[in-house]
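Chains as they are written, first to last, in this note's numbering: chain A, 24 to 494; chain B, 29 to 228.
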Ligand code: SF4
């Protein structure tokens, strides 16, 4: 019987079995950012420990960086956190992509960009969207701060083995349907808890044809579906992407590395704990209507009405979500007015996202009542967009073009919703208060759908706004 | 690094209603700007404890003085979902909670809490409901979580709970913080590393 990539990576990185029965797993690559690392370095100092493999640890800052002027932390606490990561990286000899490096950005954009994210590796980061790196055929986990301490001190952590669910998507996506819609669709189908205890293997020819950035968008939201990690088996697209990146294997080691990477891909006769099949043609542009990422509907559907369900729990969930969202039950989601449009985040803040949205935004104007901001995921993304004139298309349309960071995805920086503003957002979470205002409202969607909402001033079907031909 | 085994947690309890309570709700992101976890306790559930518009206290159970000394939280389904931030279990622990009884937990939250020595035991809804009711009626009711017997008892209520073996063993043996054992395996760590081309 063949093995899955998950099994092979797990085997290669197992150090041994701990007394509680868990596996001590070697973490080949450790990524850190300013929010979840200072406390871990503090614990390290308290225990008088050092970083075991500083050369396998990479740091950047993203969550609290202001996107208007990166150099001016919003408040003394933000400044303190930036100082802390600088000092910690310095003290412990960790590579740090600082603001001045030209390489700073959201940690999940920076890792792949630098070629640090590689197939067949284990990656951990004190951030739940670490699953993003699975797009490369890595097993990548979000971890808590105490585990950050463990990985810093030992390059290992205690883990329980997951089951593997293969999610096979086949066929071509219809025009105007994107990787974001695929991931929102999967979460809608399997639920926000459906993946608990699982690693998701995303496969099928839809994924085979996806670019690395599209694969990252889907893996990014594995966690929103409850899965601990998600991955796509490495293939030529993966290797092509990694070629000549700063931390990719050099030319003389390249062929050996590719051969090794290929050997990690799931065997054709691998057995899975579960298999789910999805027809790409069934996927529509998808948006959320509620306060959990599995509250998704297609753009042509109505907002749910609790009167339509007999299940008391479902009723309560719908009522709670709609009370918070202040949305009318049973009416079309299309046409709901928005106040803010946010393009960015580790889900959809990459070059291809801005390119695609720019294609449609060219010559269009953001509705006068909408505040629209576009935030590249990294300094490198920003520079490339600027080279291609994408920033100018966005600005001409009425978007503010910002500097790299997490921005309004979670609002630990000055970019926040105000009051009960409603935001069309390309990010990954629509929890209550997620975007900085305790009563702010988030509607998740693809970047092109954000662009359409920005232009129309309301939730719109981008295929209509931008006259996308049906096929 | 000797750590005390945790076999029992005893205290008064509080019911925090709702399912899918995510970590943003437990500790809003804006309070995560900190370089240590001390002090996070006062912001636990901040946005539901205080009216976001007026800043006034809401009728959230954590604002009910009857439950001021509660150390055990009773919750619903998928508690602690959302962001992996350890700030969430840390803020609950700093607030004074010693254990949670809920129908289910998000995985990362569960793991983080166990590592802190804050057991998260799992109870069936039909067992948990009467316990919640009893606690709401009598805030002074003493609740005991027995990790050896896997029972939660309070007054004349006694219910069975579950806890994954690894977490239970870790708590009972005082090895819920795995750092000492991880470090002790240094030779095996280096052996594993030497087999990984990308680590060299
Ligand atoms: S962009 Fe959002 S989800 Fe991604 S790392 Fe930053 S805050 Fe987290």
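Every residue gets a Cβ at the ideal spot worked out from N, C-alpha and C, and that includes glycine.
Per DSSP, residue 163 of chain A is one residue of the beta strand (DSSP E) stretching across 162-165. With 16 or more other Cβ atoms inside 10 Å of its own Cβ, residue 146 of chain B counts as buried.
Scanning A/190, A/380, A/47 and A/132 for the CA closest to the CA of residue 236 of chain A turns up A/132. Contact fails between the stretch 271-278 of chain A and the stretch 226-245 of chain A, because fewer than three Cβ pairs, one in each stretch, are under 8 Å apart.
Under the Cβ distance rule, residue 223 of chain B counts among the residues neighbouring chain A, one pair being separated by less than 8 Å. Remark: the shortest separation between the CB of residue 152 of chain A and any heavy atom of the ligand SF4 falls under 7 Å. Excluding the 5 residues flanking it on each side, residue 48 of chain B has same chain C-beta neighbours closer than 6 Å at 106 and 109, in chain order.
Taking a beta-carbon distance threshold of 8 Å, residue 82 of chain B does not count as an interface residue toward chain A. Closer than 8 Å to the CB of residue 431 of chain A there is not a single CB belonging to chain B.
The CB of residue 53 of chain B comes closer than 8 Å to the CB of 454, 455 and 456 in chain A, given here in chain order. Residue pairing by DSSP puts residue 148 of chain B in a beta bridge opposite B/128. Taking C-beta atoms as the reference points, residue 143 of chain A and residue 283 of chain A count as a pair closer than 8 Å. Residue 360 of chain A has A/481 as its beta-bridge partners, per DSSP. In its chain, beyond the 5 residues on either side, 198 have a beta carbon closer than 7 Å to the beta carbon of residue 493 of chain A. Rounded to whole angstroms, residue 159 of chain A and residue 307 of chain A show a C-alpha spacing of 26 Å. In this structure, residue 485 of chain A sits near residue 471 of chain A, with a CB-CB distance shorter than 8 Å.
Considering only B/156, B/112 and B/102, the residue with the shortest C-alpha distance to residue 127 of chain B is B/102. With 16 or more other Cβ atoms inside 10 Å of its own Cβ, residue 456 of chain A counts as buried. In terms of Cα proximity to residue 76 of chain A, the closest of A/91, A/25, A/171 and A/34 is A/171. In the structure shown, residue 243 of chain A falls within a helical segment according to DSSP collapsed to helix, strand and coil. Rounded to whole angstroms, the separation of the alpha carbons of residue 113 of chain A and residue 267 of chain A is 27 Å. Three or more pairs of CB atoms, one per stretch, sit closer than 8 Å, so the stretch 341-356 of chain A contacts the stretch 308-321 of chain A. The residue from A/352, A/292 and A/38 with its alpha-carbon nearest to that of residue 209 of chain B is A/38. Separation of residue 181 of chain B and residue 130 of chain A (C-alpha to C-alpha, rounded to the nearest whole angstrom) is 46 Å. The Cβ-Cβ distance between residue 460 of chain A and residue 368 of chain A does not fall below 8 Å. One Cα belongs to residue 201 of chain B, the other to residue 56 of chain A, and the distance between them is close to 33 Å. Taken from the Cβ of residue 371 of chain A, every heavy atom of the ligand SF4 lies 7 Å or farther away.
For residue 86 of chain A, the shortest separation between its Cβ and any heavy atom of the ligand SF4 lies below 7 Å.
One thing to note: residue 94 of chain B has its Cβ within 8 Å of the Cβ of residue 167 of chain B. When DSSP states are grouped into helix, strand and coil, residue 212 of chain B belongs to the helix group. When C-beta atoms of the stretch 66-85 of chain A are compared with those of the stretch 29-46 of chain A, fewer than three pairs fall below 8 Å, so the two segments do not count as touching. Taking a cut-off of 8 Å for Cβ pairs, the stretch 96-115 of chain A and the stretch 61-70 of chain B touch, as three or more such pairs fall below it. Along the length of the stretch 309-347 of chain A, whole alpha helix (DSSP H) runs at least 4 residues long do not occur.
Residue 51 of chain A places its beta carbon 8 Å or farther from that of residue 83 of chain A. At least 8 Å separates the beta-carbon of residue 89 of chain B from that of residue 54 of chain B. Think of a sphere of 8 Å around the beta carbon of residue 330 of chain A: no beta carbon from chain B falls inside it, the nearest being about 21 Å out.
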